[in-house]
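Trainee: Structure provided below as structure tokens; questions to follow.
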Amino acid sequence: MGDLQLYTLVVPQDSQSGLSAQLQQQLATAGILGQDGGIVEQLSSEPGDQTITGLYRARYAGKMADELEELAQASGFDEIPLAGLDEATSKDGYYAIQDADVEQVQPHTTEVQRFDLSLTKKGTRNDHWRALETNRRQLDHEFGNSTSPVRVGVPAIASKVQWYNPEDQARAPASSIETRSAELGDVEIYDVDDGEAAVGTSTPTLLYEIAYTDEELADCRVYDTLGHGSKLDANGDLQWQKLFSTQHDFDAPIVMDNGRIRLRLDEPNGTLEAEEWDATNEVWSTVGLEADQPSTVELFDVDLTGVAMVRDQAQLTFDVDGELFALDAIVNRGYDDVQFTIPENENGPIDPDLEDWLSPIASTLVVDPNASKGLVARNEVRR
Numbered sequence: 000m001g002d003l004q005l006y007t008l009v010v011p012q013d014s015q016s017g018l019s020a021q022l023q024q025q026l027a028t029a030g031i032l033g034q035d036g037g038i039v040e041q042l043s044s045e046p047g048d049q050t051i052t053g054l055y056r057a058r059y060a061g062k063m064a065d066e067l068e069e070l071a072q073a074s075g076f077d078e079i080p081l082a083g084l085d086e087a088t089s090k091d092g093y094y095a096i097q098d099a100d101v102e103q104v105q106p107h108t109t110e111v112q113r114f115d116l117s118l119t120k121k122g123t124r125n126d127h128w129r130a131l132e133t134n135r136r137q138l139d140h141e142f143g144n145s146t147s148p149v150r151v152g153v154p155a156i157a158s159k160v161q162w163y164n165p166e167d168q169a170r171a172p173a174s175s176i177e178t179r180s181a182e183l184g185d186v187e188i189y190d191v192d193d194g195e196a197a198v199g200t201s202t203p204t205l206l207y208e209i210a211y212t213d214e215e216l217a218d219c220r221v222y223d224t225l226g227h228g229s230k231l232d233a234n235g236d237l238q239w240q241k242l243f244s245t246q247h248d249f250d251a252p253i254v255m256d257n258g259r260i261r262l263r264l265d266e267p268n269g270t271l272e273a274e275e276w277d278a279t280n281e282v283w284s285t286v287g288l289e290a291d292q293p294s295t296v297e298l299f300d301v302d303l304t305g306v307a308m309v310r311d312q313a314q315l316t317f318d319v320d321g322e323l324f325a326l327d328a329i330v331n332r333g334y335d336d337v338q339f340t341i342p343e344n345e346n347g348p349i350d351p352d353l354e355d356w357l358s359p360i361a362s363t364l365v366v367d368p369n370a371s372k373g374l375v376a377r378n379e380v381r382r
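The opening position of the sequence shown corresponds to residue 0 in numbering that gives the first Met the number 0, with each subsequent residue numbered one higher.
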């Protein structure tokens, strides 16, 4: 049996020796992408459910265990894919994590961690469409006043992309308006206004098919840098921690990343920086915000308010010449800029120094697609 992948987590093949073929005996171990190690145990489960259990034995075992525990508790990751990485398996499908038990095995080291995950199957590609739901909302800022196109992104590798009206089940083929390159894969951009015209609703849904193991390639991510300047260490292993929960405690800078733009929020040093993906040279290029920071502006607080698969959000509080001012920052899948908006209980306008500082990365669009990723049962769409 080949490797298994649970959203962004991978079960290495060399740790699966001795897998049983019996339906009521599920054997698995979970690793993190780019990491090896684990001990497989045999557990019983109900049909349709899966239990993933094992040990992490690695330099980053503590970080890896924290990632699993956060993923299990996160509200924005209710229906995640589990599948064979290189070939299909009988376990392939969409799952919800029902329970997670993570513990440090040896008190004197964090490099051995035991985990147990209980998964409940939500469906498969055969009985569900992947869905990108929209729920447009107005933004409040001074970076521009564009109202269209209201863009949403779908991985370019997806197929059978169609607009869908969940109220009357109307459907229509969807055509992208642009293809954008991201770090891990291209993204097709669609205009929500086209969807409204096609299926007659202001909140159209995009339905599509995509391989389970391709789902995470174009999705948004949030990282806790743990004080490391670069994402990978000298061996090419991930040293930043993948962050899935808004309750995550962080003392180092965090990074909001959609594969096209990275927003590095450095609360400890009162600043922020952005990087843009250079598809030609396949490198990240620094925008230069930190070097151009006005003397009157300091990043005072970072409050992570939303972590999900296609949309991440944080409320940033700035000290602007002795006055505190809050601004929400939104990173959407496929976007090459950041959407900012003045929160409902904050008084505008944005200070000119703050506005000028953020303008190189700020979207001029005053409409947020407010997209979310889910599933739609095929029997709801079926004629």
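Note that beta-carbon positions come from the ideal geometry of N, C-alpha and C, so glycine has one too. Just so you know, these numbers come straight off a predicted model, no measurement behind them.
#1: For GLN12, does the three-state DSSP call read helix, strand or coil?
#2: State the Cα-Cα distance for the pair ASP126 and GLY152, rounded to the nearest angstrom.
#3: Closer than 6 Å by C-beta to ASN331: which residues in its own chain qualify, once you throw out the five before and the five after it? Chain order, please.
#4: State the start and end residues of the unbroken beta strand (DSSP E) segment that holds ASN331.
#5: Hey, how far is the Cα of ALA173 from the Cα of PRO368?
#6: Can you look up GLN72 in the DSSP assignment and give me helix, strand or coil?
#7: Taking one C-beta from the region 134-152 and one from the region 356-365 each time, how about it: are there three or more such pairs within less than 8 Å?
#8: Exposed or buried, what is ALA27 when buried is set at 16 or more other beta-carbons lying within 10 Å of its beta-carbon?
#9: Using a threshold of 8 Å, state whether the C-beta atoms of ASN234 and PRO203 are closer than that.
#10: Specify, as a first and last residue, the run of the alpha helix (DSSP H) that ALA196 falls within.
#11: Determine which residues share a DSSP beta bridge with SER158 and list them.
#12: Run through the DSSP bridge pairs and tell me what HIS127 is partnered with.
#13: Contact defined as beta carbons within less than 8 Å: I believe PHE339 pairs with ASP327. What is the distance between those atoms, to the nearest angstrom?
#14: Let me know the secondary structure DSSP gives PRO342 once reduced to three states.
#15: When you compare the CB positions of LEU118 and GLN72, do they come within less than 8 Å of one another, or not?
#16: So, SER158 versus GLU86, is the Cβ gap smaller than 8 Å?
#17: Quick one: residues in its chain with C-beta nearer than 8 Å to the C-beta of THR178, no 5 flanking neighbours on either side, listed in chain order?
#18: Among residues of its own chain, excluding the 5 on either side of GLU227, which ones have a beta-carbon nearer than 7 Å to its beta-carbon?
#19: Counting Cβ pairs, one atom from each stretch, are 3 or more of them under 8 Å apart for the region 260-273 and the region 80-94?
#20: Using a threshold of 8 Å, state whether the C-beta atoms of SER371 and ALA325 are closer than that.
#21: Tell me the rounded alpha-carbon separation between THR212 and GLY122.
#22: Going by DSSP in three states, ASP352 sits in which element: helix, strand or coil?
#23: Could you spell out the range, first to last residue, of the beta strand (DSSP E) harbouring TYR94?
#24: Buried or exposed: which applies to GLY53, given that a residue is buried once 16 or more other Cβ atoms fall within 10 Å of its Cβ?
#25: Based on the DSSP secondary-structure assignment, which residues constitute the bridge partners of MET255?
#26: If you count every other CB in all the chains shown that lies within 10 Å of the CB of HIS140, and 16 or more means buried, which is it?
#27: Given this structure, state the Cα-to-Cα distance separating ALA273 from PHE243, to the nearest angstrom.
#28: Looking only at its chain, what residues have a beta carbon closer than 8 Å to the beta carbon of LEU225, apart from the 5 residues adjacent to it on each side?
#29: Taking just the CA atoms, how far does ARG382 sit from LEU262?
#30: For TRP356 and LEU288, what's the separation of their Cα atoms in angstroms?
#31: Sorted by chain position, which residues of the same chain lie with C-beta nearer than 6 Å to LYS230's C-beta, five sequence neighbours on each side aside?
#32: My output table needs one value for LYS120: the three-state DSSP class, helix, strand or coil.
#33: Is VAL191 buried or exposed, if buried means 16 or more other CB atoms sit within 10 Å of its CB?
#34: Measure the CB-CB distance between LEU131 and LEU205 and report whether it falls below 8 Å.
#35: Note the first and the last residue of the continuous beta strand (DSSP E) segment covering GLY53.
#36: Exposed or buried, what is ASN257 when buried is set at 16 or more other beta-carbons lying within 10 Å of its beta-carbon?
Mentor: Working from what's here:
#1: With a pLDDT of 43 at GLN12, under the threshold of 50, the predicted position of this residue should be treated as unreliable, though the coordinate-derived value follows. Looking at GLN12 - three-state DSSP - the assignment turns out to be helix.
#2: Straight-line measurement puts the Cα of GLY152 at about 23 Å from the Cα of ASP126.
#3: ARG310
#4: 322-331
#5: 17 Å
#6: In the structure shown, GLN72 sits in a helix (DSSP, three-state: H, G or I).
#7: The answer is yes - the region 356-365 touches the region 134-152, with three or more Cβ pairs under 8 Å.
#8: Confidence is the limiting factor: at ALA27 the pLDDT is only 30, short of 50, which leaves the residue's position unreliable and the question unanswerable from this model.
#9: In this structure, PRO203 does not lie closer than 8 Å to ASN234 by Cβ.
#10: 191-198
#11: GLU208
#12: ALA376
#13: 7 Å
#14: coil
#15: no
#16: no
#17: If the five residues before and after THR178 are omitted, its C-beta is found closer than 8 Å to the C-beta atoms of ALA155, ASP185, VAL186, GLU187, ILE188, all from its own chain and listed in chain order.
#18: Looking at the sequence itself, residue 227 is His, so the reference to Glu does not match. Excluding positions up to five away in sequence, the list reads GLN238, TRP239.
#19: no
#20: No. Outside cutoff.
#21: 15 Å
#22: helix
#23: Judged by DSSP secondary structure, TYR94 falls within the beta strand (DSSP E) whose first and last residues are 92-103.
#24: buried
#25: VAL221, LEU262
#26: buried
#27: 21 Å
#28: LYS62, GLN238, TRP239, GLN240, ALA251
#29: Approximately 44 Å, taken between the alpha carbons.
#30: 7 Å
#31: TRP239
#32: strand
#33: buried
#34: yes
#35: Looking at the DSSP string, the run of the beta strand (DSSP E) that includes GLY53 is 48-56.
#36: buried
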